[in-house]
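I have placed the structure first, in the form of structure tokens, so that the comments after it can refer back to it.
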Amino acid sequence: MSAGATGKPPAPQSVLFLCGMNAIRSPMAEALARQILPSRVFLASAGLRAGERDPFVDAVLDEKGLSLGERQPQSIEELADTNFDLIITLSPEAHHRALDMTRTIAADVEYWPTMDPTVVSGTRDQIIAAYRDVRDRLAASIAQRFET
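Residues are numbered in my numbering as their position in the sequence shown, beginning at 1, plus a constant of 875.
Here is the structure:
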């Protein structure tokens, strides 16, 4: 992908956010990207495995006026199409899978190491603070990557 006048690559037409279980990081990234990217950009998220919907994700997205709606976690095998211009991976295992995928599809892959907030223990306030941190870091990365 060639860089534009700003030195950054042009906006892709389709983006996949990929992580381990599509329960926290990737659906959060998809919702945040939907808020700021033009509707012409096709966005999706998936996991290597389908996890369970996480209520903390709903809580921290709601704080920003966002919602996953009825969306449930899905695995990459459940996607109708896996042809994306850009795959943004949020965990090491997802990154390895995306690199394997690019053997048969033409896609750029970017790795955004993102902490799994489920490793944080403590009070509800401490746990939700970890989810907020992930949300805010993803929002900043999306804004920086797509120049919004």
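By construction, the Cβ of each residue, glycine as well, lies at the ideal position given by its N, Cα and C atoms.
Please read these numbers as outputs of a predicted model, since none were measured by experiment.
{"Asked": "Taking 9 Å as the cut-off, decide whether the C-beta atoms of residue 897 and residue 948 are in contact.", "Found": "yes"}
{"Asked": "Evaluate contact between the stretch 913 to 926 and the stretch 993 to 1007, counting only Cβ atoms and requiring at least three cross-stretch pairs below 8 Å.", "Found": "no"}
{"Asked": "Does DSSP put residue 942 in a helix, a strand or coil?", "Found": "coil"}
{"Asked": "CB of residue 975 to nearest heavy atom of the ligand PLP: below 8 Å?", "Found": "Of ligands this structure carries none, so the ligand PLP is not represented either."}
{"Asked": "Tell me which residues share the same chain as residue 932 and place their Cβ nearer than 8 Å to its Cβ, disregarding the 5 neighbours each side in the sequence.", "Found": "898, 899, 902, 903, 943, 1006"}
{"Asked": "Between 964, 988, 987, which lies nearest to residue 977 when the distance is taken from Cα to Cα?", "Found": "964"}
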